[in-house]
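**Student:**
Numbering (my numbering), first residue to last: 239 to 808.
1) Would residue 265 be called buried (16 or more neighbouring beta carbons within 10 Å of its own) or exposed?
2) Taking all protein chains shown into account, do 16 or more other C-beta atoms lie within 10 angstroms of the C-beta of residue 473, making it buried, or fewer, making it exposed?
3) If distances are taken between C-alpha atoms only, which option among 506, 772 and 392 comes closest to residue 593?
4) On the DSSP letters alone, give me the boundaries of the alpha helix (DSSP H) that residue 493 sits inside.
5) Would residue 261 pass as a contact of residue 668 if the rule is Cβ separation under 8 Å?
6) Which of the three DSSP states, helix, strand or coil, is assigned to residue 791?
7) Let's test the definition: count the other Cβ atoms within 10 Å of the Cβ of residue 415 and tell me whether it reaches 16, buried, or not, exposed.
8) Output needed for residue 488: all residues of its chain with C-beta closer than 6 Å, excluding positions within five of it in sequence on either side, in chain order.
9) Would you list the one or two residues that DSSP bridges to residue 308?
10) Helix, strand or coil: which one does DSSP assign to residue 642?
11) Is the CB-CB distance between residue 775 and residue 645 below 8 Å?
12) From this set, 287, 258, 242 and 568, which residue's C-alpha is nearest residue 781's C-alpha?
13) For residue 419, count the other beta carbons within 10 Å of its own beta carbon; 16 or more makes it buried, fewer makes it exposed. Which is it?
14) Do you know offhand how far residue 630's Cα is from residue 732's?
15) In the DSSP assignment, the beta strand (DSSP E) including residue 391 goes from what residue to what residue?
16) Would you call the region 644-661 in contact with the region 787-807, where contact means no fewer than 3 C-beta pairs closer than 8 Å?
17) Could you have a look at residue 673 and say whether DSSP puts it in helix, strand or coil?
18) Among residues of its own chain, excluding the 5 on either side of residue 528, which ones have a beta-carbon nearer than 7 Å to its beta-carbon?
19) For residue 271, I'd like the list of residues in its chain whose CB is within less than 8 Å of its CB, leaving aside the five on either flank, ordered along the chain.
20) Rounding to the nearest angstrom, what Cα-Cα distance links residue 765 and residue 639 in this structure?
21) Kindly list the residues whose CB is nearer than 6 Å to the CB of residue 278, restricted to its own chain and excluding five residues on each side of it in sequence; keep chain order.
22) Should residue 345 go down as buried or exposed, given a rule of 16 or more other Cβ atoms within 10 Å for buried?
23) Based on the DSSP secondary-structure assignment, which residues constitute the bridge partners of residue 809?
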């Protein structure tokens, strides 16, 4: 169920539950630390993300190629995006047909029905001078930007993670594939001695606590993400020598860039009362079915066996909940058919990074509840809201307009905290280390305010909700236009990760253009960590493209025949 995304975060069954040093922000977060959800399941973070299908700006990939990543220009990678995509036709968005595929395994679609607030956001953005179009096609490169309802990795209203799209069913039953669940990789086995290592296998801990080895006849491929892949490399002795030796890991190859150059997107949510445009949590609970309405949080009995004695009002409530969840399950339509990350716009601030759009605006038409603010966002609602009981009431209709710079200049790092594989690494985000990033953040917040100012009648939004302490500090009066200093302070206190960690094993520094780890034989990395720079948009689509391209490289190098080669093997 796409709308259940928050339930998968901060859940030890499905999330590694990392946190990070937030650097120049996080002042309003609990403990001052940023949440770093990472998917702990088949399909990785595509199993817990908010399912935005965003490829990036053509200039993102052309800049990769210009920097030495041969074969990774936009013209080179577009066929791999198209190869995986199975776009469901929709009359609700503009589609550049030449840039899409309707037959691939990855479900891509637009939610149905379109939410009022999402269409309002698109209309407001157009009124603010951002043209509508296909952000995954020809319109993304336009000088004035582009806005659209979101394409999402869903099929028939259900999540299309990489597990569901590429592995589930016939593929996982193939005789030449073994999937080992509950296994924790402890290191890549390297032979050949320091300075000349060769990967020969992977050591892992089984669910029973036993140590086992998977031996590699040809190659080892790491696909553990921008946190996991550098962590495993360093545990294996490939990384900055001084850092490895400081925690007792023998250095097999001094690779100073492993774990460095971390890029992530950071967003600020502008919160508005939105009668008629926002989605209340009571409506969300009703659409999730009767189980979401049970005690102790809901009005239905905790035990379904007690439903026989329901009063007429609760009987009708249960029937409506059953109707809604059945409609979603059978048709894919309904309120829960998307994560509620509904629409986006991309523009340029004019402050640099002229090869791409450096700003993303997004619409999230729900204000959530006390539990999600505390558990997922790490914010105390009593500090953020003037009246949290009113603002987060079950029937409150609220929305967030998200301001998200997408070409950060600041770089963080992943560092070993110990030689113990079960200890999480030390994640240092280093947000706002480069002053350029705060300048862009304030500019993006201004563009978001411009869009809100153009919100269509009769559903104009209420006044911006500013945390009381910041309002007092900056003498802000509700309904006025906030100052740049207030916007910057809001970012320092209440910026949130967009979960887009990349570049910690980047091409040109850690891997070559064929994703082979430089200096280590028979070892590759294939995930978002290899991006030379973060794309200017949500990263899941580009990570899947990397997987498609890596699979073809492996097949070509080892004489494996694929059903369809994008680039004919030599």
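Every residue gets a Cβ at the ideal spot worked out from N, C-alpha and C, and that includes glycine.
Predicted model only: the values in this text are computed from it and were never measured.
**Tutor:** Based on what the coordinates show:
1) exposed
2) buried
3) Comparing Cα positions, the closest option is 772.
4) Neither: residue 493 is in no alpha helix (DSSP H) and is coded neither H nor E.
5) Yes. Within cutoff.
6) helix
7) Looking at its Cβ environment, which holds fewer than 16 other Cβ atoms inside 10 Å, residue 415 is exposed.
8) 475
9) Answer is none; residue 308 lacks a bridge partner.
10) strand
11) no
12) 287
13) Answer is exposed; the Cβ neighbour count stays below 16.
14) 17 Å
15) Per DSSP, residue 391 lies in no beta strand (DSSP E) and is assigned neither H nor E.
16) Counting C-beta pairs with one atom in each stretch, the region 644-661 and the region 787-807 have fewer than three that are closer than 8 Å, which means they do not touch.
17) helix
18) 538, 556, 559 and 560
19) 257, 258, 259, 260, 264 and 616
20) For residue 765 and residue 639, the gap between their C-alpha atoms comes out near 29 Å.
21) 252, 253 and 254
22) Burial call: buried.
23) Since the first and last residues shown for the chain are 239 and 808, residue 809 lies out of range.
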